[in-house]
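Trainee: If you read the first sequence in the numbering used here, its first letter stands for residue 42, the second for the next number, and so on.
C-beta atoms are modelled at their ideal positions from N, C-alpha and C, and glycine is treated no differently.
This structure is a prediction, so every number in the text was calculated from the model and none was measured.
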Amino acid sequence: MPATDTAWIVLGRSGDDVVAVDLDGTGAEIERLSIPRSEIVAWIRDRERAAPVRWVWHDTPVWYDAVLDAGATVERAHDLRLAHAILRDAAAVRDDAGLRTATAWDAAAAAAAVDDALFDLDAPEASVPEGVDEALAEFARQRAALAASERGGALRLLIAAESAGALLAAELRAAGLPWDADVHDGILREMLGERGGALPARIEERAAEVRRILGDPLASLDSQPKLLRALHRAGLLVETTSRWELRRHDHPVVEPLIDYKRLMRLYSANGWAWLAEWVRDGRFRPVYVPAGVVTGRWASSGGGALQIPRQLRAAVRADPSWRLIVADVAQLEPRILAAMAGDLALARAAAGRDLYEGIVAQGTLGSRAEAKVALLGAMYGATSGDGGRLVPRLRRAFPRAMALVDDAARVGEDGGVVSTLLGRTSPAPSGAWSRLQADATDVDASDSDASRARRYARDRGRFTRNFVVQGTAAEWALAWLADLRGRLARLPEVGEADAAPRSGPAFARRPHVAFFLHDEIIVHTPSVHAEAAADAVREAAASAGRLLFGDFPIDFPLDLKIASSAEKS
DNA sequence: CGGCGCGGCGCG
DNA sequence: AAAGCGCGCCGCGCCG
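Given below as structure tokens:
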């Protein structure tokens, strides 16, 4: 009978078996069990069912995918690899515990290595250690580092949220995003025309039109250098072939060429080949990579999960007798900035639904469009254009918020590191960057050395300026997801008649998150629970705001709809 | 032939 | 051709 005071169970391999070590809240070992690998999934399921604990493992998908396949879920985890990456870089961690010298834990995602190893035998990627003794040692180092840190509380929160995100990323893949291949096919046919020749009919037509106008029946439209030369021969003296530059010219080839590029992009990135490769049994199952971005945002690998064009949103369709909750946060990053900086004036502008209109209402800027480019310019470090021109107005109106991003930029330019609200820290500058800066101060440095160094310094300043905001926004989003996961899991299951079996056994009968993209989520839910699920989405957003910012007066209003399709209205 | 950098463009 | 952050994927064209 397991001890009731188990706080964590550390899992790891030992020979052919798995060893599970119960630890109490102080980290002391309570008991140790050896379990054959063939029984580990059932064992995890039974332990979780008896009393949820926090599962400590080297890499979430390696352990959790099999649990999900078996129809079970777990509530909480501690992902050693993700936690290591946070603590290794954290400015608030002193390395008394030897965390930074445990370099085996710096390896790339083990799950990716598992996938690749099947096909790529000569290049097995390094993976983090799987053994139980290594897991116990790393977990001890991490707890010691947290205990010694003055920001241990915030970092614990961040690691818990990051680990919950890792659970969710695995769950998103297991559940899949409901995707109607017929709707997708219909959109492709309508936009691209019938498939027949080498390219769909509409693309062929547009290409022919471009070549006719250029007077060049063999012009290559897909090779940038060749297209550029063809445009020059036809008298269109552009420097690039980008849509942005083309649009500024008044030439008959511009409209059909831009249209050709638009259609070709849809065809090559999300056409029938994508559909055949990525949509199976009515589900799109992308690979999410939690913390794949240095700021803590998620990345994706394969399927372009984070780049699905809005044109295809209509293909995201709920199963029969199910609904989608589609929700995104209005102006997440400026709200995050206001709250982090404790800027009451910006918070006041954010009090309505539309922060940009709030800035206009305060008289700071003249139009919503101006307010938007100015604020984006402040967060991205614009120096010219409308953004750069308008940022000084914001500095006068919102000095605290602007000081926060300006300070972050200055620290970055000087080669320092910056941290998010919960303590995720930006990477240190590369050796090459530091050498460049050092060389530029030499007495014999040339003007061009100096100006190049300044340019690189500014580049890094824009990165750290944005890091604090983007990274803290990612923390808010993780908190939102983690809280929502818990709330949805407590909603009742539906009967067999209303199940959505393609979602996989763990999710076929209850509301679950089906998509996540920085500040937006889609929940797939039985219709009978749609209102309750929508409430959970809203309550989780409010809860995330309180968790990060306490009672600071900022809210995170959602654009939320309950519908059969994810199409933007 | 595969690997890689680049231009271009989709997303936030 | 972005100005102004963070990504992934495509096709091309060069390289070894």
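Identify whether R270 lies in helix, strand or coil by the three-state DSSP scheme.
Mentor: In the structure shown, R270 sits in a helix (DSSP, three-state: H, G or I).
Trainee: Under a three-way DSSP split, which group does D156 fall into?
Mentor: Because D156 sits at a pLDDT of 44, beneath the cut-off of 50, its placement in the model cannot be relied upon, and the point is left open.
Trainee: Based on the DSSP secondary-structure assignment, which residues constitute the bridge partners of T566?
Mentor: R364
Trainee: How is the beta strand (DSSP E) around L378 delimited, first residue to last?
Mentor: In this chain, L378 is not harboured by any beta strand (DSSP E); it is covered by the alpha helix (DSSP H) spanning L373 to A382.
Trainee: Apart from the five residues just before and just after R54, which ones in its own chain have a Cβ nearer than 6 Å to its Cβ?
Mentor: E171 and G172
Trainee: Let me confirm a value: H290 is counted as buried when at least 16 other C-beta atoms fall within 10 Å, else exposed. Which label applies?
Mentor: exposed
Trainee: Going by other Cβ atoms of all chains shown within 10 Å of its Cβ, with 16 needed for buried, is L123 buried or exposed?
Mentor: buried
Trainee: Where does L272 land, buried or exposed, given buried means 16+ other C-beta within 10 angstroms?
Mentor: buried
Trainee: Which of the three DSSP states is assigned to L601 in this structure?
Mentor: strand
Trainee: By the DSSP assignment, the alpha helix (DSSP H) with P440 in it spans what residues?
Mentor: P440 to E454
Trainee: Quick check on DSSP: helix, strand or coil for D120?
Mentor: strand
Trainee: Can you tell me which residues form a DSSP beta bridge with I50?
Mentor: D63 and W96
Trainee: Here's a check: name, in chain order, each residue in its chain whose Cβ is nearer than 6 Å to the Cβ of V134, leaving out the five neighbours to either side.
Mentor: L128, A186 and S190
Trainee: For K609, does the count of other Cβ atoms within 10 angstroms reach 16, so buried, or fall short, so exposed?
Mentor: exposed
Trainee: Could you please give the first and the last residue of the uninterrupted beta strand (DSSP E) stretch that includes R73?
Mentor: Start and end: E70 to P77.
Trainee: Assuming the contact rule is C-beta atoms closer than 8 Å, V169 and A148 should be a hit. Round their C-beta distance to whole Å, please.
Mentor: 5 Å
Trainee: Determine, using beta carbons only, whether R78 and I50 come nearer to each other than 9 Å.
Mentor: no
Trainee: Near A571, what residues of its chain come up, given a Cβ to Cβ distance below 6 Å and the 5 sequence neighbours on each side ignored?
Mentor: R364 and I603
Trainee: In or out: T336 buried (at least 16 other Cβ within 10 Å) or exposed?
Mentor: buried
Trainee: Using a Cβ-Cβ cutoff of less than 6 Å, which residues in the same chain neighbour F590 once the five nearest sequence positions on both sides are dropped?
Mentor: A380
Trainee: Would a C-beta distance cut-off of 9 Å place D300 and R247 closer than the cut-off?
Mentor: yes
Trainee: Identify, in the order they occur along the chain, each residue of the same chain with its Cβ nearer than 6 Å to the Cβ of S75, setting aside the five sequence neighbours on each side.
Mentor: Contacts found: D58 and V60.
Trainee: On the DSSP bridge list, what partners appear for S606?
Mentor: For S606, which the question treats as bridged, DSSP gives the partners R358.
Trainee: Check each candidate in D257, S264 and T282 and name the one with the smallest Cα separation from R274.
Mentor: Among D257, S264 and T282, the Cα nearest to that of R274 is on D257.
Trainee: So D384 packs on A442, CB below 8 Å; how close in whole Å?
Mentor: 4 Å
Trainee: Does the separation of the CB atoms of Y497 and L529 fall below 9 Å?
Mentor: no
Trainee: Give me whichever residues DSSP pairs with V554 in a beta bridge.
Mentor: Checking the DSSP bridge columns, you'll see V554 partnered with V564.
Trainee: CA-CA distance, D156 and D100?
Mentor: Model confidence at D156 stands at a pLDDT of 44, short of 50, so the residue's coordinates are unreliable; what they give is reported in the following sentence. Roughly 14 Å separates the two Cα atoms.
Trainee: Sort A242, D65, S605 and A481 by Cα distance to R495 and report the nearest one.
Mentor: Cα-wise, what sits closest to R495 is A481.
Trainee: Check whether the stretch 212 to 228 and the stretch 546 to 564 are in contact - that is, three or more C-beta pairs closer than 8 Å.
Mentor: yes
Trainee: Is there contact between the stretch 218 to 227 and the stretch 354 to 364, where contact requires at least three CB pairs shorter than 8 Å?
Mentor: yes
Trainee: Buried or exposed, going by whether 16 or more other CB atoms sit within 10 Å of the CB of T142?
Mentor: exposed
Trainee: Could you compute how far the alpha carbon of S475 sits from the alpha carbon of G456?
Mentor: 7 Å
Trainee: Just to check my reading of the structure: L23 and A479 have Cβ atoms closer than 8 Å, yes? What is that Cβ distance to the nearest angstrom?
Mentor: With the chain covering only 42 through 610, there is no way to say anything about residue 23.
Trainee: What three-state label does DSSP hand G234 in the structure shown?
Mentor: coil
Trainee: Consult DSSP for D592 and reduce its assignment to one of helix, strand or coil.
Mentor: coil
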